[in-house]
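Please read the structure below before turning to the comments.
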Amino acid sequence: MIRTTITCQRDNCLALYLPDTDAGADVLERAARALGWRRTGNYSHACPGCVAGQGPVLERGQCPTCTGMTVDLPQGSTCRYCQTVTPHTTY
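The working numbering puts the first residue of the sequence shown at 72, with every later residue one more than the last.
What follows is the structure in structure tokens.
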């Protein structure tokens, strides 16, 4: 299956926004904007890490916002770049 994604256009940035659903472009754009992605041109975007001055994303990982590398901290899995916190699951 081919799925629409958003990529960061900053030089050397590996950030991707990979939505959970295969939505239309307008829905994808609104969802990415809600997570901190910014449009920088007609067809270009900047990831939340680059917008906040924490980028570019140099290592891919498990971040649901930018696919950046995460580290486990007490409050949850935290992205090194965009600072998104994904709470640890409790079983």
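Idealized CB from N, CA, C, for every residue including glycine.
For residue i and residue j, which I take to be in contact (beta-carbon distance under 8 Å), what is that distance rounded to the nearest angstrom?
{"i": "residue 86", "j": "residue 78", "result": "7 Å"}
{"i": "residue 127", "j": "residue 157", "result": "Contact doesn't hold; Cβ gap of about 21 Å is too wide."}
Output the boundary residues of the beta strand (DSSP E) element that contains residue i.
{"i": "residue 120", "result": "Premise fails: residue 120 lies in the alpha helix (DSSP H), 119-122, not in any beta strand (DSSP E)."}
{"i": "residue 144", "result": "141-144"}
{"i": "residue 149", "result": "147-150"}
Residue i by DSSP, collapsed to three states: which one?
{"i": "residue 128", "result": "coil"}
{"i": "residue 87", "result": "strand"}
{"i": "residue 136", "result": "coil"}
{"i": "residue 53", "result": "Since the first residue shown for the chain is 72 and the last is 162, residue 53 is missing from the structure and cannot be characterised."}
{"i": "residue 78", "result": "strand"}
Could you give the first and the last residue of the continuous alpha helix (DSSP H) run that contains residue i?
{"i": "residue 229", "result": "The displayed coordinates of the chain run from 72 to 162. Any statement about residue 229 would go beyond what the structure contains."}
Does the segment 121-140 come close enough to the segment 149-157 to have 3 or more Cβ pairs within less than 8 Å? yes
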